[in-house]
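Student:
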Amino acid sequence: NGAALAPPRSRFNLDAGQWRYCSSTIHGLKKQKDAPPFLYPVDPDALGIPHYSTIVRSPMDLSTIERKLDSSNPSNDPEHPPYSTADEFIADVRLVVKNCSSFNGIDHPISAMAKRLEEVFDKQIKNLPGPSQSLRRGSPSMPIIPSLTTQDPPHDLPSTDVLKKPKSKRLQDGGQLQFCAKLLDILHSKQYQAIASPFYYPVDHVALDIPTYPEIVTNPMDLSTMRQKLGDQEYLNASMFHDDFKLIMRNCFAFNPVGNPVNQAGLELQRLFDEIWQGLPPLHEVCVEEENEDDDDSGDDVSRIAMQIRGGRLKTDKKKERRDRGHIASSSKSRGKQSKGGVSKKTKTPIADTHILTFEQKVELSEAVNQLDGPKLERIYNIIREGVPEIRESTEEMELEIDLLPNSVLTKLYNFALRPPATKQHGWH
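Here the sequence shown is numbered in the UniProt record's numbering, starting from 1 and rising by one per residue.
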């Protein structure tokens with residue numbers, strides 16, 4: 001469970017993850033067998049239908065949609081993007097179908113083709129990731145705020161809690177396979193859905209109308225198959241798990257050319273996987289009594305590393321990580337010296353509950369929360385939960401935009417993180 005605060009909104013809301021998903025969707029639609037009549041703009045003169053423009057006032061086609069989408073790539077920071085939101089992209093696809101039915105009538109064979117194309121689109125777009133679920137490297141967004149319980153994995157997949165391995169293997173494993181299971185949980189979380197979802201399930205080359213796929217990819221693999229193999233104890237060690245993930249990546253790059261949205265998602269997923277994998281616990285012998293403790297520690301390691309990635313604070317060296325965090329909890333002496341480190345050294349008057357935070361203050365708040373840890377981070381989560389009734393009983397991880405939080409919550413967060421009373425400026429444990 002957790003919550004996250006994203007920074008103030010940019011001038012448009014189509015984020016990189018949504019853009020990649022929409023690009024992949026339109027690319028797939030253009031390959032459908034019912035797509036040819038809708039690939040390019042209608043030429044009334046060439047088709048001998050001069051009255052077309054009097055019936056269809058807002059023409060649209062799949063190539064135009066793809067071109068508009070290419071010009072809306074958030075990573076290029078367009079000043080006036082054709083698509084500011086994913087909804088605008090969806091509306092254009094539906095406009096293609098509407099124009100067809102309006103001109104040809106709903107019983108026309110071309111209209112039937114448009115309807116089938118829309119059905120394919122509906123199945124694909126229902127998995128569109130929500131705003132801000134993708135990785136934004138270098139973003140000042142707040143880290144995921146942990147709660148006291150572990151986030152549950154997706155219900156339709158085997159839980160890591162039921163992962164069982166023979167004792168003889170676990171004694172040599174040092175928690176590595178448990179680490180692998182936790183890693184899969186993270187890749188299936190909402191936070192990484194935008195880059196990981198193309199690899200969740202086996203590729204259905206028939207439904208996607210890509211008959212050449214089996215010829216190019218002779219040894220398919222996907223994340224759900226990896227989870228099944230992990231649960232069935234088919235992986236004798238972490239290296240076998242690692243090899244299967246690399247197989248997914250090789251298949252992706254072999255079939256999807258450079259520049260393709262799925263290829264790009266694969267590159268980002270591979271970087272994420274490699275970063276988390278650096279926290280794999282070493283192989284060592286442990287006694288039976290130590291097994292559970294070691295497994296729990298490995299789960300904590302992978303969860304902590306993932307949280308640092310989300311907050312843009314990844315430390316690939318565990319010893320360095322402990323050193324970097326030492327100013328918070330290394331010794332009572334250092335705690336005393338650093339008790340003012342997370343806040344302004346000079347005591348400032350708390351802002352009033354009615355105060356409206358400026359853009360700069362919101363950015364300042366986001367950066368301040370990014371530096372908190374332990375009980376202080378837990379308190380941030382509690383302030384949000386107490387002030388937003390909709391998430392009070394929620395047990396799922398979620399993201400919350402600063403702009404959408406009630407002003408009373410923002411002022412409490414700001415005062416706690418940046419304007420604490422002088423009497424509370426002491427070390428924490």
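Note that CB positions come from ideal geometry on N, CA and C, so glycine has one too.
All values derive from a computational prediction rather than experimental measurement.
What did DSSP end up calling Lys123 once you bin it into helix, strand or coil?
Tutor: Residue state, collapsed to three classes: helix.
Student: Buried or exposed, going by whether 16 or more other CB atoms sit within 10 Å of the CB of Asn407?
Tutor: By the neighbour-count rule (16 or more Cβ atoms within 10 Å), Asn407 is not buried but exposed.
Student: Is DSSP giving Glu88 helix, strand or coil here?
Tutor: In the structure shown, Glu88 sits in a helix (DSSP, three-state: H, G or I).
Student: Please work out which residues of its chain come closer than 8 Å, Cβ to Cβ, to residue 495, disregarding the five sequence neighbours upstream and downstream, and give them in chain order.
Tutor: The requested residue 495 does not occur in the structure, where the chain is confined to residues 1 to 429.
Student: On the three-state DSSP scale, how would you describe His355?
Tutor: His355 falls in the coil class under three-state DSSP.
Student: Tell me which residue opens and which closes the alpha helix (DSSP H) that Pro375 is part of.
Tutor: 374-387 is the extent of the alpha helix (DSSP H) around Pro375.
Student: Which of helix, strand or coil does DSSP assign to Lys30?
Tutor: Reduced to three states, the DSSP call for Lys30 is coil.
Student: Can you name, in chain order, every residue of its own chain whose Cβ lies under 8 Å from the Cβ of Pro129, other than the five neighbours on each side?
Tutor: Closer than 8 Å at the Cβ level, and outside the excluded window around Pro129, lie Gly17, Gln18, Tyr21, Lys190, Gln193, Ala194, Ser197.
Student: Taking the straight line between their C-alpha atoms, what separation do you get for Leu208 and Ala254?
Tutor: Whole-angstrom Cα-Cα distance: 17 Å.
Student: Decide yes or no for the touch test of the region 269-281 against the region 174-188: beta carbon pairs closer than 8 Å, at least 3 of them.
Tutor: Yes, the region 269-281 is in contact with the region 174-188.
Student: Closest by CA to Lys33, which one among Arg116, Lys98, Asp43, Ala91?
Tutor: The shortest Cα separation from Lys33 among Arg116, Lys98, Asp43, Ala91 belongs to Arg116.
Student: In the DSSP assignment, find the alpha helix (DSSP H) that holds Arg250 and state where it starts and stops.
Tutor: Segment 238-255, the alpha helix (DSSP H) holding Arg250.
Student: Between Arg227, Gly48, Pro261, Thr218, which lies nearest to Gly28 when the distance is taken from Cα to Cα?
Tutor: Taking only the C-alpha atoms, the option nearest Gly28 is Pro261.
Student: Residues in the same chain with beta-carbon distance under 7 Å from Pro44, minus the five sequence neighbours each way, listed in chain order, please.
Tutor: Hits under 7 Å: Pro50, Tyr52, Ser53.
Student: Give the secondary structure of Ala181 by DSSP, where H, G and I count as helix, E and B as strand, and everything else as coil.
Tutor: Helix at Ala181.
Student: With a threshold of 16 other CB atoms inside 10 Å of the CB of Asp244, please say whether the residue is buried or exposed.
Tutor: It counts as buried.
Student: For Thr64, which residues from the same chain have a beta carbon less than 6 Å from its beta carbon, with the 5 sequence-adjacent residues on both sides left out?
Tutor: So no residue of the chain qualifies.
Student: Hey, how far is the Cα of Val97 from the Cα of Tyr200?
Tutor: Looking at the two C-alpha atoms, the distance is approximately 30 Å.
Student: Over what stretch of residues does the alpha helix (DSSP H) that includes Lys412 continue unbroken?
Tutor: Per DSSP, Lys412 belongs to the alpha helix (DSSP H) from 407-418.
Student: To the nearest angstrom, report how far apart Ser102 and Ala91 are at their CA atoms.
Tutor: Whole-angstrom Cα-Cα distance: 16 Å.
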